[in-house]
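Accompanying notes for the structure given below.
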Amino acid sequence: MIRLTLLQLQNITESYQAENGEIFALDNISFSMEKGEFLSIVGPSGCGKSTLLSIIAGLLRPTSGAVLLDGKEVAGVEPRIGYMLQKDNLLEWRTIWRNVVFGLELRRQLNSETAARAEGLLRSYGLWEFREKYPSQLSGGMRQRAALIRTLATSPEILLLDEAFSALDYQTRLTVTDDVYRILRQEGITTLMVTHDIPESISMGDRVLILTSRPARVREMMEIDFGPDRTPLTCRGDPRFSRYFDHIWKELKDDDSQK
Ligand code: ADP
Ligand code: MG
Numbered sequence: 007m008i009r010l011t012l013l014q015l016q017n018i019t020e021s022y023q024a025e026n027g028e029i030f031a032l033d034n035i036s037f038s039m040e041k042g043e044f045l046s047i048v049g050p051s052g053c054g055k056s057t058l059l060s061i062i063a064g065l066l067r068p069t070s071g072a073v074l075l076d077g078k079e080v081a082g083v084e085p086r087i088g089y090m091l092q093k094d095n096l097l098e099w100r101t102i103w104r105n106v107v108f109g110l111e112l113r114r115q116l117n118s119e120t121a122a123r124a125e126g127l128l129r130s131y132g133l134w135e136f137r138e139k140y141p142s143q144l145s146g147g148m149r150q151r152a153a154l155i156r157t158l159a160t161s162p163e164i165l166l167l168d169e170a171f172s173a174l175d176y177q178t179r180l181t182v183t184d185d186v187y188r189i190l191r192q193e194g195i196t197t198l199m200v201t202h203d204i205p206e207s208i209s210m211g212d213r214v215l216i217l218t219s220r221p222a223r224v225r226e227m228m229e230i231d232f233g234p235d236r237t238p239l240t241c242r243g244d245p246r247f248s249r250y251f252d253h254i255w256k257e258l259k260d261d262d263s264q265k
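Quick note: the sequence shown uses the numbering used here, first residue 7, plus one each step.
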């Protein structure tokens with residue numbers, strides 16, 4: 007199989023100028039991702055995870071280092087990269103359909119072709135019948151799916167998820183992550199997912215990037231291998247799951263005790 011590098015981070019460093027001095031957030035972060043890969047990112051709270059995603063999205067410039075997409079430096083907001091946050095940010099006064107095409111409208115890309123794609127996504131992922139409903143009429147899980155479809159409607163190649171499921175209750179969260187995983191694999195989207203939930207990082211990732219406490223450095227890049235038929239739900243029963251869990255837990259705890 008030919009493996010194509012899609013995204014490359016080269017020695018990313020970031021520091022913020024705050025009132026009481028400089029906050030050093032990221033320290034020399036480098037890694038690459040192949041097309042279609044799913045990378046989970048875990049690290050202590052406040053270590054710099056959201057900062058890292060903002061830099062990849064082109065919303066924030068690194069103090070030094072570079073982000074390359076297909077070998078070209080990302081400078082400014084990159085339309086090939088979609089971003090999804092914890093809050094679904096659906097607009098309550100717009101129907102699900104009008105929410106789903108909102109990103110396209112903003113980019114002046116709403117036309118018969120892109121509308122057909124949005125319709126296809128809604129149909130494939132069970133929301134077509136709900137297209138005239140308002141967000142408040144949907145369950146938390148369905149809202150999250152609608153937010154994902156809105157992001158996918160603009161055809162990003164890379165998706166950034168920042169604690170995107172942490173507002174959901176545990177049951178919903180398990181179903182939604184299974185759902186989202188299936189959609190992203192099917193659409194072949196390269197994904198970087200920040201989560202504070204270790205089981206979630208293992209259940210979805212091809213690899214888990216473990217970051218140190220602030221300033222974040224790469225503590226370990228860990229391969230996750232459940233074989234080709236894994237789903238986020240089934241792999242939780244695999245004996246390898248608890249070994250991965252113990253390892254990540256220990257890495258994060260060791261980091262904590264070194265402070
Ligand atoms: P995480 O997402 O891992 O919890 P963040 O990337 O949000 O961490 O933040 C990393 C550090 O940078 C924190 O100490 C935070 O307070 C600080 N920080 C984040 N954004 C800013 C900003 N705009 N100005 C100053 N400091 C910031
Ligand atoms: Mg964060």
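All C-beta atoms, glycine included, are put in the ideal place defined by N, C-alpha and C.
Thinking C-alpha only, which one of the options is nearest residue i?
| i | options | result |
| --- | --- | --- |
| residue 161 | 124, 206, 148 | 124 |
| residue 51 | 222, 254, 228, 242 | 222 |
| residue 241 | 212, 176, 121 | 212 |
| residue 35 | 26, 61, 29, 84 | 61 |
| residue 218 | 26, 33, 10 | 33 |
| residue 185 | 132, 205, 215 | 132 |
| residue 169 | 150, 155, 159 | 150 |
| residue 66 | 178, 54, 77 | 54 |
| residue 200 | 191, 194, 216 | 216 |
| residue 41 | 87, 137, 148, 48 | 87 |
| residue 202 | 167, 229, 194 | 167 |
| residue 102 | 192, 214, 136 | 136 |
| residue 17 | 73, 192, 145 | 73 |
| residue 214 | 255, 178, 179, 194 | 255 |
| residue 248 | 71, 233, 208, 148 | 208 |
| residue 180 | 157, 198, 164, 148 | 148 |
| residue 229 | 25, 251, 12, 68 | 251 |
| residue 259 | 192, 225, 79 | 225 |
| residue 29 | 118, 164, 57 | 57 |
| residue 83 | 144, 145, 164 | 164 |
| residue 100 | 141, 235, 234 | 141 |
| residue 171 | 49, 70, 94 | 94 |
| residue 37 | 26, 75, 22 | 75 |
| residue 231 | 63, 261, 45 | 45 |
| residue 189 | 227, 174, 153 | 153 |
| residue 126 | 138, 106, 114, 139 | 106 |
| residue 237 | 263, 205, 175 | 205 |
| residue 272 | 234, 158, 233 | A query on residue 272 cannot be resolved here, the shown segment of the chain reaching from 7 to 265 and no further. |
| residue 268 | 233, 227, 78 | Missing from the structure shown is residue 268; the chain here goes from 7 to 265 and no further. |
In terms of residue numbering, what span does the beta strand (DSSP E) encompassing residue i cover?
| i | result |
| --- | --- |
| residue 73 | 70–75 |
| residue 11 | 11–24 |
| residue 40 | 27–40 |
| residue 243 | No beta strand (DSSP E) holds residue 243; DSSP gives it neither H nor E. |
From the DSSP output, which residues share a beta bridge with residue i?
| i | result |
| --- | --- |
| residue 213 | 45, 229 |
| residue 79 | 74 |
| residue 126 | Looking at the DSSP assignment, residue 126 forms no beta bridge with any residue, so it has no partner. |
| residue 89 | 166 |
| residue 222 | 32 |
| residue 200 | 47, 168 |
If I follow the unbroken alpha helix (DSSP H) through residue i, where does it start and stop?
| i | result |
| --- | --- |
| residue 132 | Here residue 132 belongs to no alpha helix (DSSP H), and DSSP marks it neither H nor E. |
| residue 57 | 55–63 |
| residue 106 | 102–106 |
Which runs of the beta strand (DSSP E) fall wholly inside the region 138–196 and span at least 3 residues, in chain order?
164–168
List in chain order the residues whose CB is within less than 7 Å of at least one heavy atom of the ligand MG.
55, 56, 168, 169, 200
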